[in-house]
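Accompanying notes for the structure given below.
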Amino acid sequence: MLSNKIIALAESETLAMSQRSTELKNSGIDVINLSVGEPDFFTPDHIKNAAKTAIDDNFSFYTPVGGYLSLRKAICQKLKNWNNLDFSPEQIVCANGAKQAICETLMCILNDGDEVIIPAPYWVSYVEMVKIAGGQSAVIQASSANNFKITAEQLRAAITPKTKAFMLCSPSNPTGSIYSKDELKKIAEVLRDFPDVFVISDEIYEYISYVGKVNSLAEYDFLKDRIAIINGVSKGYAMTGWRIGWVAAPLWLVKGITKLQGQFTSAPSSIAQKAAEKAYSGDNSCVEKMRAAFEKRRDLIVSLARKIEGFEVNLPDGAFYIFPVCKHYFGKTALNGKTISNSSDLAMYLLDTAHVASVGGDAFGSPDCIRFSYATSEEQIVEAFKRIEKALAELK
Ligand code: PMP
Ligand code: GLU
24 MLSNKIIALA
34 ESETLAMSQR
44 STELKNSGID
54 VINLSVGEPD
64 FFTPDHIKNA
74 AKTAIDDNFS
84 FYTPVGGYLS
94 LRKAICQKLK
104 NWNNLDFSPE
114 QIVCANGAKQ
124 AICETLMCIL
134 NDGDEVIIPA
144 PYWVSYVEMV
154 KIAGGQSAVI
164 QASSANNFKI
174 TAEQLRAAIT
184 PKTKAFMLCS
194 PSNPTGSIYS
204 KDELKKIAEV
214 LRDFPDVFVI
224 SDEIYEYISY
234 VGKVNSLAEY
244 DFLKDRIAII
254 NGVSKGYAMT
264 GWRIGWVAAP
274 LWLVKGITKL
284 QGQFTSAPSS
294 IAQKAAEKAY
304 SGDNSCVEKM
314 RAAFEKRRDL
324 IVSLARKIEG
334 FEVNLPDGAF
344 YIFPVCKHYF
354 GKTALNGKTI
364 SNSSDLAMYL
374 LDTAHVASVG
384 GDAFGSPDCI
394 RFSYATSEEQ
404 IVEAFKRIEK
414 ALAELK
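Numbering of the sequence shown is given in the working numbering, commencing with residue 24 and proceeding in unit increments.
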């Protein structure tokens, strides 16, 4: 019998939709997968070569729990050169993806019942990770009218004596919104008044920005001892399968995460670490090439989605998702007599009828919306929206 903890846990909807789409594909159906968020590019050659060399050079032993010193040094250099932030290698822990880094951070700071403020729309896993760590999510809704960003006033109103942490994802999954320097300053000013609130800043999409360099709450010195930056190579370097993410945090937290990881998974793969080290220390032009391709696709998908009747489409500043409001279709009926009651129904309808996989907004805490990933070719995006338009026109 499963534990109550695991029974209460929801399945990852992004991974589940992607799995469903793969199963349909394997059964011979031509499915276009706009569900999962992962770059369709191959990992750049110089990074792959570093991994091959690491194998030949016998980097095959356990590494320090937080990762090789050389990798942690490369991450500190990146934080200095790209973000102008000072961190020492002792302040970095590498994990099996940013996912593990976030979950471990939450497990290290939360006691049972502690609250974590999470702006919605949020990435699917945050709320479930808070549950795993024994905490409670306090969700605040960002409005589509404010480009899906919360205001400083909303944050102030949400903080209670039970608040232990605040999570921010910028650029955001699922909306692509990026908090400007000025917006972050206002949020930081609120946090200055609440010195016991810890900040988790998920910056995994920072390289995929269409509005220039992304600012971070970590730029505020008064947050230095209570902020964890989460990042990794999955998105910016097209390395989702290599499973290298990291957290940059104050020493007291890094010690806790290292203790936890030492009992749980140990360090991530030695070979993947050497590849990630090359990503951070090698030629970075691959990042710009992929970013530019995503920007072209962003412009294409936004123009196509804006032609769909009933979709309200924001202009994402970064990442590779659009998150249209789609509630226009709720209550409508398909040719087979099935009624579309919510965004999950709509996503299933599009998968079954148009053979396009997406993810309903319910999983992101915003049931009026639906998420499409544009980490796929322009041809696939054009074909997907032809099919979506036709399928939606059949709903009465
Ligand atoms: N944070 C966000 C917002 C994400 O979209 C993802 C994507 N999976 C992650 C964290 C986890 O990334 P990783 O593949 O490095 O675990
Ligand atoms: N973060 C990606 C997404 O939102 C990958 C899937 C996952 O890890 O949940 O689709």
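Backbone N, C-alpha and C fix where the C-beta goes; we use that ideal spot for every residue, glycine too.
Where do the ends of the beta strand (DSSP E) carrying residue i lie?
i: Leu191; result: 186-192
i: Trp269; result: 268-271
Residue i bridges to which residues according to DSSP?
i: Pro142; result: Ile163
i: Tyr344; result: Ser396
i: Thr356; result: Thr362
i: Ala225; result: The sequence given here places Asp at residue 225; Ala does not occur at that position. Partner(s): Cys192, Ile253.
i: Glu335; result: Val348
i: Asn56; result: Ala380
Whose C-alpha, out of the options, is nearest the C-alpha of residue i?
i: Gly157; options: Val405, Thr128, Lys413; result: Thr128
i: Gly264; options: Leu191, Asn170, Gln296; result: Gln296
i: Asp109; options: Phe395, Leu415, Glu242, Leu369; result: Glu242
i: Ser195; options: Glu318, Ala97, Asn365, Tyr344; result: Tyr344
i: Asn119; options: Asp225, Val270, Ser26, Leu358; result: Val270
i: Ile140; options: Ile132, Cys126, Gln159; result: Gln159
i: Lys154; options: Lys71, Phe395, Phe353, Ile29; result: Ile29
i: Phe317; options: Lys71, Leu38, Gly60; result: Gly60
i: Gln403; options: Asn56, Met40, Glu226, Ala188; result: Asn56
i: Ser396; options: Arg410, Gly388, Glu406, Ala380; result: Ala380
i: Arg394; options: Arg179, Val162, Pro144, Lys172; result: Pro144
i: Ser166; options: Lys208, Asp391, Lys419, Glu417; result: Asp391
i: Leu276; options: Lys101, Glu113, Val237, Glu229; result: Glu113
i: Asn359; options: Met313, Ser41, Asn307, Glu417; result: Glu417
i: Phe387; options: Pro291, Phe334, Tyr149, Ala121; result: Tyr149
i: Glu412; options: Gly384, Ser389, Leu374; result: Leu374
i: Met313; options: Tyr228, Lys278, Ile267; result: Tyr228
i: Ala251; options: Val237, Val220, Gly341; result: Val220
i: Ile132; options: Met190, Arg95, Lys208, Lys75; result: Met190
i: His69; options: Ala299, Val325, Asp135; result: Ala299
i: Asp244; options: Tyr260, Met40, Glu212; result: Glu212
Assuming residue i is part of the alpha helix (DSSP H), what are its boundary residues?
i: Ile404; result: 401-416
i: Ile470; result: Summary: the structure shown does not reach residue 470, with the chain confined to residues 24 through 419, and so no result is reported for it.
i: Met427; result: One cannot answer for residue 427 here, as it falls past the ends of the chain, which runs 24 to 419.
i: Ala156; result: No alpha helix (DSSP H) holds Ala156; DSSP gives it neither H nor E.
i: Gly279; result: 274-287
i: Lys208; result: 204-215
i: Lys28; result: 27-30
i: Ala176; result: For clarity, residue 176 is Glu in the given sequence; the question names Ala instead. Where Glu176 is concerned, the enclosing alpha helix (DSSP H) stretches over 175-181.
Is residue i helix, strand or coil by DSSP?
i: Ile231; result: coil
i: Ala380; result: strand
i: Met130; result: helix
i: Val147; result: coil
i: Phe82; result: coil
i: Met40; result: helix
i: Met371; result: helix
i: Phe387; result: helix
i: Asn242; result: Correcting the residue identity first, residue 242 is Glu in this sequence and not Asn. It is helical.
i: Asp137; result: coil
i: Ile70; result: helix
i: Asp219; result: coil
i: Gly199; result: coil
i: Asp248; result: helix
i: Glu61; result: coil
i: Glu34; result: coil
i: Gly264; result: helix
i: Asn170; result: coil
i: Ala77; result: helix
i: Asp258; result: Correcting the residue type first, residue 258 is Lys in the shown sequence and not Asp. Note: Lys258 maps to coil in three-state DSSP.
i: Lys48; result: helix
Any beta carbon of chain B sitting closer than 8 Å to that of residue i?
i: Gln159; result: No chain B appears in this structure, which consists of one protein chain only.
Item to complete: Taking only runs that begin and end inside the segment 84-126, name each unbroken beta strand (DSSP E) of 3 or more residues, in chain order.
Response: Counting only runs of 3 or more, we get 115-118.
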